[in-house]
Amino acid sequence: MGQVFATVQEKLQGRAWKERQVRKITDKVFDHFKDESKQDQALSFEDLYIAVLCVYNDINKHLPGPHQDPPSKEKLRAMMEEYDINLDGLLDREEFAAFIKKLTADSLNAISVKLIIALVVAPAVALMTKKATEGVPGVGKVVRKLPNSVYASIITLGVVLVQQKSEEGFE
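Here it is as structure tokens:
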């Protein structure tokens, strides 16, 4: 039970947790391509392009929210030139981490908004509207008997399900 609580607490820390997740993903992908690459400690554009696809695949698997599409090759090439600090045409581990951090910033912001809605806004709105719902015939008796925490959880679950269904509708 302690591990579950620690994991939930870590995930609720927000930005720091997402940045650690992205760093884990980038390190894993960089190490994979570094081992297969002819260069010892850097990625060429071809390796970078495939690595970005892998990073976006992992982001879509491990972080909540809608599917995030990777950018075009042209955008990646322009960004690579910007983040290639030593101008050798390759990205080392730190250049790659900064590159991916910039590249995924918009994706992570979209994920943040969804989490804020699900974890903060929905429960607050549920508790504010509980009193009004108690006056609805038929439903009011049930709502009055429910504890606030259960009522807020039910409404939050409904909001999360609506978010998921709306994301599926866009695919």
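Going left to right, the sequence shown walks through residues 145 to 315 as the numbering used here numbers them.
Backbone N, C-alpha and C define an ideal beta-carbon position, used for all residues, glycine too.
Since this is a predicted model, take the numbers as computed values, not measurements.
- To the nearest angstrom, report how far apart V148 and D232 are at their CA atoms. For the purposes of this step, residue 148 is taken as the residue at position 4 of the sequence shown. For the purposes of this step, residue 232 is taken as the residue at position 88 of the sequence shown. At V148, the pLDDT of 45 sits below 50, so the modelled position is not reliable; the number obtained from the coordinates is stated separately. Each residue's Cα considered, the two are about 45 Å apart.
*asked:* Out of R221, I244, R288, which one is the CA nearest neighbour of V173?
replied: Residue numbering aside, residue 173 sits at position 29 when the sequence shown is read from its first letter. Of the candidates R221, I244, R288, the one whose C-alpha sits nearest the C-alpha of V173 is I244.
Discussion item. Between the alpha carbons of S310 and Y227, how many angstroms are there, rounded?
Written reply: Stepping through the sequence shown from its first residue, residue 310 is reached at position 166. Stepping through the sequence shown from its first residue, residue 227 is reached at position 83. Whole-angstrom Cα-Cα distance: 36 Å.
Which residue marks the beginning of the alpha helix (DSSP H) containing T273, and which one marks its end? Within the sequence shown, numbered from 1, the residue matching residue 273 stands at position 129. 266–278 is the span of the alpha helix (DSSP H), which, as asked, contains T273.
*Decide if L234 is buried, meaning its Cβ has at least 16 other Cβ atoms within 10 Å, or exposed.*
Walking along the sequence shown from the start, residue 234 turns up at place 90. With 16 or more other CB atoms across the displayed protein chains lying within 10 angstroms of its CB, L234 is buried.
### Message
Given a cut-off of 8 Å on the beta-carbon distance, is the pair A276 and Y295 in contact?
### Response
The residue you call residue 276 lines up with position 132 of the sequence shown. The residue you call residue 295 lines up with position 151 of the sequence shown. Against a cut-off of 8 Å, the Cβ pair of Y295 and A276 comes out as no contact.
Considering only C-alpha positions, which residue in the set F177, L192, V199 is nearest to K168? As a working mapping, residue 168 is identified with position 24 in the sequence shown. Answer by Cα proximity: V199.
> Among the residues of its own chain, which have a CB less than 8 Å from the CB of I194, if the five just before and after it don't count?
Replying inline: Taking the sequence shown and counting its residues from 1, the one referred to as residue 194 is at position 50. These residues qualify, in order along the chain: F177.
Buried or exposed for G146, please, with buried defined as at least 16 other CB atoms from any protein chain shown within 10 angstroms of its CB. Taking the first residue of the sequence shown as 1, we reach residue 146 at position 2. Bear in mind that a pLDDT of 46 at G146, under 50, signals an unreliable position, so the number given afterwards is only what the model happens to contain. Exposed is the call here.
query: Looking only at its own chain, which residues have a Cβ that is under 6 Å from the Cβ of V287, when we skip the five neighbours before and after it?
result: Here residue 287 refers to the residue found at position 143 when the sequence shown is read from its first residue. Contacts found: T277, E278.
Practice task
Compare the C-alpha of D191 against each of K205, V166, H206, R237 and name the closest.
Solution key: Your numbering for residue 191 matches position 47 in the sequence shown. When only C-alpha atoms are compared, the closest one is R237.
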